[in-house]
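K.L.:
Got a structure for you, questions after.
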Amino acid sequence: MLLRLLLVICAPLCEPAELLPRPVLKAQPSKPIEGSSVILTCEIQFLPQKSNVQFQFCFYRDSQLLASGCSSYPELQIPAIWKEDSGSYWCEVETETHSTTRSPRFQIYVQRIRISDVSLVTQPPGGWVVEGDKLVLICLADNGTGDITFFWYRGALGLNLETKTQRSLKAEYEIITMKESDAEQYYCAADNGYGPTLSGLVSITVRIPVSHPVLTLRTSEAQIVVGDVVELHCEALRGSPPILYQFYHEDVIMGNSSAPSRGGVSFNLSLTEDHSGNYSCEANNGHGAQRSEVVTLNITVPMENRIENLTSRILEGLLGTISLIIVTLLFCYWFKRKIGRCSGDPLRTFPNPVPQEPSYLNSSDPVQLQPIYENVNVVRGDEVYSLVYQIQQEQEPAAAEHLRTHGENKIPSDIYSRIRKANVVDVDYEDTM
157 MLLRLLLVIC
167 APLCEPAELL
177 PRPVLKAQPS
187 KPIEGSSVIL
197 TCEIQFLPQK
207 SNVQFQFCFY
217 RDSQLLASGC
227 SSYPELQIPA
237 IWKEDSGSYW
247 CEVETETHST
257 TRSPRFQIYV
267 QRIRISDVSL
277 VTQPPGGWVV
287 EGDKLVLICL
297 ADNGTGDITF
307 FWYRGALGLN
317 LETKTQRSLK
327 AEYEIITMKE
337 SDAEQYYCAA
347 DNGYGPTLSG
357 LVSITVRIPV
367 SHPVLTLRTS
377 EAQIVVGDVV
387 ELHCEALRGS
397 PPILYQFYHE
407 DVIMGNSSAP
417 SRGGVSFNLS
427 LTEDHSGNYS
437 CEANNGHGAQ
447 RSEVVTLNIT
457 VPMENRIENL
467 TSRILEGLLG
477 TISLIIVTLL
487 FCYWFKRKIG
497 RCSGDPLRTF
507 PNPVPQEPSY
517 LNSSDPVQLQ
527 PIYENVNVVR
537 GDEVYSLVYQ
547 IQQEQEPAAA
557 EHLRTHGENK
567 IPSDIYSRIR
577 KANVVDVDYE
587 DTM
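Using the numbering used here, the letters of the sequence shown correspond one by one to residues 157 to 589.
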């Protein structure tokens with residue numbers, strides 16, 4: 157009886173522990189490319205009688221626990237795997253009774269992609285930069301993975317300027333303040349473990365803004381007089397060509413000229429009295445215009461030129477006045493013809509009698525005086541006056557006495573006739589015959 161009791165008590169304690177099956181670790185993809193995502197899965201075959209048992213899954217690379225610890229989920233995702241993540245991976249399964257089992261080790265080798273192409277670009281683009289501005293040299297690598305070491309070089313001999321290592325396909329190097337001496341050829345290189353790959357050469361041109369130009373007046377004579385030729389020379393001592401120069405007289409543009417290379421330009425001026433005053437010039441090469449100091453030009457006018465100028469101005473004034481008077485008279489004449497003569501016009505001038513050849517009459521009849529009518533004139537209102545002349549015909553000497561006797565009683569005289577006019581126009585009597 158005592159023996160049976162001991163067997164009943166010790167039987168549960170003497171049963172052998174049930175062994176768990178070994179899990180299997182799988183990776184997807186099994187040969188990942190550097191930078192890609194990888195999913196690790198720990199698979200275990202559960203026993204039917206242990207289907208309700210809770211398991212904890214742990215993932216390791218070599219002896220290092222991955223993630224933040226174990227979990228009840230049999231998968232682990234690595235967002236990005238790198239070449240240095242290559243190694244031996246395995247998983248471990250643990251029960252509630254702290255029984256554990258491990259998977260066989262699984263070797264993961266991460267593949268790195270070699271850099272295939274490298275290029276150098278600049279900011280500002282085109283390789284043109286103004287003195288004093290910032291230049292950015294950007295080195296770009298194509299198709300490379302992993303940590304990339306970038307190098308920047310200056311000149312064909314390859315003076316190293318900067319070295320950077322980063323997990324990126326692009327890196328930048330800045331020159332904060334560009335100087336004229338920084339105009340050179342630049343290139344870069346990139347290396348991710350397979351050897352450096354070089355970019356092409358990029359030429360950098362440093363543009364120099366123009367300085368304040370200097371304006372010089374050049375003449376062959378000490379005293380500048382009217383008629384002389386003066387050379388205006390404008391030059392900026394610094395500045396990248398081409399430079400456009402403009403000349404000013406009292407802030408009014410006189411002309412311009414471009415200098416394709418270093419050195420100034422000249423502007424020749426034949427002087428007149430009006431060219432006295434202040435002169436300046438301006439230089440501009442597209443990076444800001446600069447103005448010179450003002451230079452004053454005093455021109456001496458000879459005395460004979462002053463007299464000629466005064467005479468010319470007087471004649472111009474007289475011609476202008478005479479022209480105005482002529483225009484006024486022509487207008488008055490036209491206006492007077494337009495509206496007709498006024499009723500109060502003065503008398504017309506009487507012409508002298510027309511002399512006629514004498515005629516001799518042998519007849520004994522008394523001499524008849526023949527009237528000759530001259531002008532008919534409108535004087536005022538409705539009165540018309542005519543001037544009449546009587547001409548005596550001469551006889552032969554024998555009959556002269558007889559004519560004198562009969563002619564004493566008649567005296568030639570001017571006879572004026574007043575008539576009432578109905579519609580009178582100013583015409584000569586002879587014109588109406």
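Cβ coordinates follow ideal geometry from the N, Cα and C atoms, glycine included. These figures come from a predicted structure and were not determined experimentally.
Can the beta-carbon of H368 be found less than 8 Å from the beta-carbon of S422?
P.N.:
The answer is no: Cβ separation not under 8 Å.
K.L.:
Just tell me which of G473, W284, E328 and T372 has its CA closest to the CA of K335.
P.N.:
Nearest C-alpha to K335: W284.
K.L.:
For S259, which option in H389, S275 and C247 has the closest C-alpha, if you only look at C-alpha atoms?
P.N.:
Checking every option, the nearest Cα to that of S259 belongs to C247.
K.L.:
Rounded to the nearest angstrom, what separates D347 and Q341 at their Cα positions?
P.N.:
Approximately 21 Å between the Cα atoms of the pair.
K.L.:
Taking the beta carbon of L388 as the centre, do at least 16 other beta carbons fall within 10 Å, making it buried, or is it exposed?
P.N.:
That one is buried.
K.L.:
Looking only at its own chain, which residues have a Cβ that is under 7 Å from the Cβ of R418, when we skip the five neighbours before and after it?
P.N.:
The residues are P397.
K.L.:
Once DSSP output is grouped into helix, strand and coil, what is the label at L492?
P.N.:
Reading the sequence as shown, one finds Lys at residue 492 and not Leu. Three-state result, K492: helix.
K.L.:
Where does L517 sit, in a helix, a strand or coil, going by DSSP?
P.N.:
At L517, the pLDDT of 40 sits below 50, so the modelled position is not reliable and the matter cannot be decided from this model.
K.L.:
With DSSP run on the structure shown, which of helix, strand or coil describes V370?
P.N.:
Strand.
K.L.:
Do you know how far the Cα of N440 is from the Cα of W238?
P.N.:
Distance between the alpha carbons of W238 and N440 is about 56 Å.
K.L.:
I189: which of Q210, L315 and E240 sits nearest, CA to CA?
P.N.:
Checking every option, the nearest Cα to that of I189 belongs to E240.
K.L.:
Comparing C-alpha positions only, which one of E287, S242 and P177 sits nearest to T256?
P.N.:
The shortest Cα separation from T256 among E287, S242 and P177 belongs to P177.
K.L.:
Within 8 Å, do at least three Cβ pairs link the region 345-365 to the region 272-280?
P.N.:
In short, these stretches touch, since the Cβ pair count reaches three.
K.L.:
When burial is assigned at 16 or more other CB atoms within 10 Å of the CB, is A223 buried or exposed?
P.N.:
By the neighbour-count rule (16 or more Cβ atoms within 10 Å), A223 is not buried but exposed.
K.L.:
Three-state secondary structure (DSSP) at E336?
P.N.:
The answer is helix: DSSP assigns E336 an H, G or I state.
K.L.:
Using only the alpha-carbon positions, how far apart do Y309 and H431 sit?
P.N.:
Answer to the nearest angstrom: the Cα atoms are 58 Å apart.
K.L.:
Consult DSSP for S272 and reduce its assignment to one of helix, strand or coil.
P.N.:
Looking at S272 - three-state DSSP - the assignment turns out to be coil, as it is neither helix nor strand.
K.L.:
For the beta strand (DSSP E) containing Y342, name the first residue and the last one.
P.N.:
Here the beta strand (DSSP E) through Y342 covers Q341 to D347.
K.L.:
Within its chain, find whatever has a CB closer than 7 Å to the CB of T428; leave out the 5 residues flanking it on each side and keep chain order.
P.N.:
Answer for T428: V382, listed in chain order.
K.L.:
Can you tell me which of the three DSSP states R310 falls into?
P.N.:
It is a strand residue.
K.L.:
Measure the alpha-carbon distance for I481 versus R469 and round it to whole angstroms.
P.N.:
Between I481 and R469, the C-alpha separation is close to 19 Å.
K.L.:
I need the straight-line Cα distance from I304 to C226, nearest angstrom please.
P.N.:
Taking the straight line joining both Cα atoms gives about 34 Å.
K.L.:
Measuring only the C-alpha atoms, how far is K187 from G282?
P.N.:
Straight-line Cα distance between these residues: approximately 43 Å.
K.L.:
List, from N- to C-terminal side, the beta strand (DSSP E) runs of 3 residues or more that fit wholly inside the region 177-215.
P.N.:
Correct list: 180-184 and 194-199.
K.L.:
Are the CB atoms of V266 and S244 within a distance shorter than 8 Å?
P.N.:
Not closer than 8 Å, so no.
K.L.:
Determine the contact status of G314 and R268, defining contact as a CB-CB distance below 8 Å.
P.N.:
In this structure, R268 does not lie closer than 8 Å to G314 by Cβ.
K.L.:
In terms of residue numbering, what span does the beta strand (DSSP E) encompassing E250 cover?
P.N.:
Segment G243 to E250, the beta strand (DSSP E) holding E250.
K.L.:
Compute the distance between the beta-carbons of E328 and I294, then report whether it is under 8 Å.
P.N.:
Closer than 8 Å, so yes.
K.L.:
Please return the same chain residues whose Cβ sits closer than 6 Å to the Cβ of I234, not counting the five positions on each side in sequence.
P.N.:
Counting only Cβ-Cβ distances below 6 Å, and skipping sequence neighbours, we find V194.
K.L.:
What's the C-alpha gap between G444 and V366?
P.N.:
Near 7 Å, if we compare the C-alpha coordinates of V366 and G444.
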